[in-house]
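Number of protein chains: 2
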Amino acid sequence: MATKILRATARDIRFPTSRTLDGSDAMSADPDYSAAYVVLETDHPSGLEGHGLTFTTGRGTELCVAAAKLLAVQVVGRTIEEIAADMSGFWRGLVGDSQLRWLGPEKGVVHLATAALVNAVWDLYAKVEDKPLWKLLSDMSPDELVACVDFRYIDDVLPPDEALEILRLNVATRPAREVEMLREGFPAYTTSAGWLGYSDEKIRVLAEQAMAAGFTQLKMKVGGDPESDLRRARILREAIGPDRQLMVDANQVWGVDEAINAMRSLAEVKPWWIEEPTSPDDVLGHRRIREAVAPIGVATGEHVHNRVMWKQFLQAGAIDFCQIDSCRLGGVNEVIAVLLLAAKFGVPVCPHAGGVGLCEYVQHIAIFDYIAVGGSLDNRTCEYVDHLHEHFVHPVRVEHGRYMPPTAPGYSAEMKPESLAVYEYPGGKAWTD
Amino acid sequence: MATKILRATARDIRFPTSRTLDGSDAMSADPDYSAAYVVLETDHPSGLEGHGLTFTTGRGTELCVAAAKLLAVQVVGRTIEEIAADMSGFWRGLVGDSQLRWLGPEKGVVHLATAALVNAVWDLYAKVEDKPLWKLLSDMSPDELVACVDFRYIDDVLPPDEALEILRLNVATRPAREVEMLREGFPAYTTSAGWLGYSDEKIRVLAEQAMAAGFTQLKMKVGGDPESDLRRARILREAIGPDRQLMVDANQVWGVDEAINAMRSLAEVKPWWIEEPTSPDDVLGHRRIREAVAPIGVATGEHVHNRVMWKQFLQAGAIDFCQIDSCRLGGVNEVIAVLLLAAKFGVPVCPHAGGVGLCEYVQHIAIFDYIAVGGSLDNRTCEYVDHLHEHFVHPVRVEHGRYMPPTAPGYSAEMKPESLAVYEYPGGKAWTD
Chain A
15 MATKILRATA
25 RDIRFPTSRT
35 LDGSDAMSAD
45 PDYSAAYVVL
55 ETDHPSGLEG
65 HGLTFTTGRG
75 TELCVAAAKL
85 LAVQVVGRTI
95 EEIAADMSGF
105 WRGLVGDSQL
115 RWLGPEKGVV
125 HLATAALVNA
135 VWDLYAKVED
145 KPLWKLLSDM
155 SPDELVACVD
165 FRYIDDVLPP
175 DEALEILRLN
185 VATRPAREVE
195 MLREGFPAYT
205 TSAGWLGYSD
215 EKIRVLAEQA
225 MAAGFTQLKM
235 KVGGDPESDL
245 RRARILREAI
255 GPDRQLMVDA
265 NQVWGVDEAI
275 NAMRSLAEVK
285 PWWIEEPTSP
295 DDVLGHRRIR
305 EAVAPIGVAT
315 GEHVHNRVMW
325 KQFLQAGAID
335 FCQIDSCRLG
345 GVNEVIAVLL
355 LAAKFGVPVC
365 PHAGGVGLCE
375 YVQHIAIFDY
385 IAVGGSLDNR
395 TCEYVDHLHE
405 HFVHPVRVEH
415 GRYMPPTAPG
425 YSAEMKPESL
435 AVYEYPGGKA
445 WTD
Chain B
15 MATKILRATA
25 RDIRFPTSRT
35 LDGSDAMSAD
45 PDYSAAYVVL
55 ETDHPSGLEG
65 HGLTFTTGRG
75 TELCVAAAKL
85 LAVQVVGRTI
95 EEIAADMSGF
105 WRGLVGDSQL
115 RWLGPEKGVV
125 HLATAALVNA
135 VWDLYAKVED
145 KPLWKLLSDM
155 SPDELVACVD
165 FRYIDDVLPP
175 DEALEILRLN
185 VATRPAREVE
195 MLREGFPAYT
205 TSAGWLGYSD
215 EKIRVLAEQA
225 MAAGFTQLKM
235 KVGGDPESDL
245 RRARILREAI
255 GPDRQLMVDA
265 NQVWGVDEAI
275 NAMRSLAEVK
285 PWWIEEPTSP
295 DDVLGHRRIR
305 EAVAPIGVAT
315 GEHVHNRVMW
325 KQFLQAGAID
335 FCQIDSCRLG
345 GVNEVIAVLL
355 LAAKFGVPVC
365 PHAGGVGLCE
375 YVQHIAIFDY
385 IAVGGSLDNR
395 TCEYVDHLHE
405 HFVHPVRVEH
415 GRYMPPTAPG
425 YSAEMKPESL
435 AVYEYPGGKA
445 WTD
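Going down the list, the sequences are from chains A and B.
In terms of the working numbering, the first sequence opens at residue 15 and continues consecutively.
In terms of the working numbering, the second sequence opens at residue 15 and continues consecutively.
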């Protein structure tokens, strides 16, 4: 029996996080963590629905909601089985709308909205198959996975045949890694201690709490006043000791030369990586920074908007860490493409998370990547931020600093109906009170 | 007396061009040429208004309209004099909105909307100064021009001092080039003959008409069936003879290897350039294509979304022609930045036009570039498409295949009130009938 998508809705959900400076960084002084939230209603006898979101930071969420509605006409009336039978064709149809394409292509508002819709489709697909997404993907054959990817614009570097080879190499050892993940989980690091708007005392206390909770890697925001950056970095390095890893994140605030100079000073605290040192479009700039700041690694990704840009970063040797984003890219299909590209170039994938629902999403990606694509934990870790999980039906479980694989069917980003009602913008109680 | 912006409106204006296949190409089978159209009302005693637009192709124009309204709060209540006194600060404020920035940054819907608003501000500024935009810019000192540019993310390659030097080199000879432009105009090429949806007979007749009108350069769309591409290219080459220039435009339809193969076959008709051979994000792919297809040049730009991407293309040696777009970039300020980058790297600027209002816009850019920045006509030509000019208050004047400098104050993209009323979507007569 096929499951037909009868109706698609999109809602504007915003959390007033700017009131407490949670999430504050060098470029986002006052984000209101938000989501364009898509629900696909079906005729499934159990009432299964697909839920998907794209993360935003407040103003403009309504643009993504409106874009998701424009794209949704492409799924309403279709069955999930029909879509699953031609995943790459489905995805190319979405990004190829001949009029909407002008507004990107494959970037900005329309691509963020594409993610919300594509993620909802995969959530529904996994629910129909009665598996968490990571397991659904990890059970697919190499041929099935390759059939999910649109190789347009990347096949000069990664032809489908080579993607198949990468996946086939890992097939025999998949079960062992799955057992390992179920037992031990995937390594996480925390960003919760280091927001730019927090006081020195607050970050020290939070760092100690994080270590007590089992985290061995910690990230802080930089890119404010250089003296203040260094003072805070010293506090954190002192708190975590010499053997744990400290990462710094500038959120694009610097130019290329500025980044190189700033890292000369911060090198004292031995950062493992500098994240988003400059514009996410500056591939060659990242390469120059990487050459100048080694052995500090260069990381980026939350704003790297599609597989073509990832191809540039990887081809140019511009980065040490691939911080894939589950909503910046056009959903699961494009995520698979980038995991394959990263595997080809031997660059570790350390997904970006935080925001709203991103932790819920990326745990699936990191675990699937380990089981079936990258096949290694070397230099791999997945961001964790301790915010807003209480709004999800199946929130992440992070134990002893590791993401424990989700067990509920789907892609984990389904929000509670009461949270949707309270935080809907502008009519929800959180905004009218 | 200062001129204060009292109110900003944004409208969704669409022309049903898909009904006649005007504008059809390999990726846009059926565009409805459209615009998000911004009007800035002021307290100026003559009732001066700033009019600005961004070009779109139908569905999704409402997203740009909504984004323009979100951005417009940054100009309402300010005077044009105050804005003009800190142009780079004004521009950075627009692209730096800490919540909207997440939706780009500096790309997609929000950046297109930024262009509409910034172009409206410059239209108003030029009207207040009682000059056409090209003349306003050409009369600015090097210091004034540099003060319009946000050098964030480009100063590693083009520091402000070097930009000043480029501009100063041309100051003494500006008057001679201005006289030349007023007398002879700026060279144009036509795309009107070569739309993909037109029949063989139609393109032959249109090519002959174009030559009769004085054009010596002609562009055709390719990227359909390879045999059909070659057949049509031969028709046009035969029609224009061996000495005129024929350009081909694939509108991103190919991958890198595909582009190289396709151009092997089309080389027979000796194209001057291949435009948009592949994804506009594929900087390194363009470089590979360029190396493979020489002496055919590689051109791109209508989808190159900001100065950082232009920096990549120019640094990488990936292109022979810089097809700057007046609305893809964030308006006049960012256009000046890219003209300076192109001048530094010695790459000729050949603006993208067509659409709605783009010809009206880019004539100012091309003429200003010649007078004050690039200072040369070598390998320079500006696109011309013979559509929709009748809707503008001051339409372009193209004579003997050259753009004659506009004389009316402003940036020329003010549409007639009756056109705005008839083509407003969805309520205008063109859509309700």
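Think of the CB as a built atom: it goes at the ideal place given N, C-alpha and C, for glycine as much as any other residue.
Collapsed DSSP secondary structure at residue i in the structure displayed
i, result
"glutamine 329 of chain B", "helix"
"proline 156 of chain B", "helix"
"tyrosine 437 of chain B", "helix"
"lysine 430 of chain B", "coil"
"histidine 405 of chain A", "helix"
"glutamine 266 of chain B", "coil"
"histidine 378 of chain A", "helix"
"glutamate 63 of chain B", "strand"
"aspartate 26 of chain B", "strand"
"isoleucine 254 of chain B", "helix"
"glutamate 316 of chain A", "coil"
"proline 173 of chain B", "coil"
"phenylalanine 165 of chain A", "coil"
Residue burial classification, residue i (beta-carbon count within 10 angstroms, cutoff 16)
i, result
"threonine 68 of chain B", "buried"
"methionine 277 of chain A", "buried"
"glutamate 272 of chain A", "buried"
"proline 291 of chain B", "buried"
"aspartate 257 of chain A", "exposed"
"threonine 275 of chain A", "First, the amino acid is wrong: residue 275 of chain A is asparagine here, not threonine. By the 10 Å Cβ count, asparagine 275 of chain A comes out exposed."
"threonine 446 of chain B", "exposed"
8 Å Cβ cutoff, residue i in contact with chain B
i, result
"tryptophan 286 of chain A", "no"
"proline 472 of chain A", "For chain A, the structure presents residues 15 to 447; residue 472 of chain A sits outside this window and is missing."
"glycine 118 of chain A", "yes"
"proline 45 of chain A", "yes"
"glutamine 88 of chain A", "no"
"methionine 234 of chain A", "no"
"asparagine 320 of chain A", "yes"
"methionine 41 of chain A", "yes"
"histidine 317 of chain A", "yes"
"alanine 81 of chain A", "yes"
"lysine 358 of chain A", "no"
"leucine 355 of chain A", "no"
Residue-level contact to chain A via CB, residue i, 8 Å cutoff
i, result
"methionine 261 of chain B", "no"
"leucine 391 of chain B", "no"
"glutamate 289 of chain B", "no"
"threonine 314 of chain B", "no"
"tyrosine 437 of chain B", "no"
"glutamate 76 of chain B", "yes"
Extent of the continuous alpha helix (DSSP H) to which residue i belongs
i, result
"threonine 446 of chain B", "443-446"
"tryptophan 286 of chain B", "Neither: tryptophan 286 of chain B is in no alpha helix (DSSP H) and is coded neither H nor E."
"serine 102 of chain B", "101-109"
"valine 123 of chain A", "122-142"
"lysine 216 of chain A", "214-226"
Residues of its chain near residue i, where Cβ-Cβ distance is below 6 Å and the 5 sequence neighbours each way are ignored
i, result
"serine 426 of chain B", "Glu374, His408, Pro420"
"leucine 35 of chain B", "Gly211"
"leucine 343 of chain A", "Val349"
"valine 412 of chain A", "Ala202, Tyr398"
Same chain only: Cβ atoms within 7 Å of residue i, ignoring 5 sequence neighbours per side
i, result
"glutamine 326 of chain A", "Val297"
"valine 410 of chain B", "Cys373, Glu374, Gln377, His403, Tyr417"
"leucine 280 of chain A", "Val236, Asp243, Leu244, Ala247, Val262"
"isoleucine 310 of chain B", "Met277, Ala281, Pro285, Trp287, Ile288"
"methionine 101 of chain B", "Ala161, Cys162, Asn347"
First and last residue of the uninterrupted beta strand (DSSP E) at residue i
i, result
"glutamate 397 of chain A", "396-398"
"leucine 54 of chain A", "48-56"
"glutamine 113 of chain B", "Segment: none, glutamine 113 of chain B is in no beta strand (DSSP E) and carries neither H nor E."
"lysine 233 of chain A", "231-235"
"alanine 202 of chain A", "200-208"
Spatial neighbours of residue i in its chain, beta-carbon cut-off 8 Å, leaving aside the 5 residues before and after
i, result
"proline 45 of chain B", "Thr31, Ser32, Gly37, Ser38, Thr71, Gly72"
"threonine 17 of chain A", "Thr56, Asp57, His58, Leu62, Thr93, Ile94, Glu95, Leu138, Val142"
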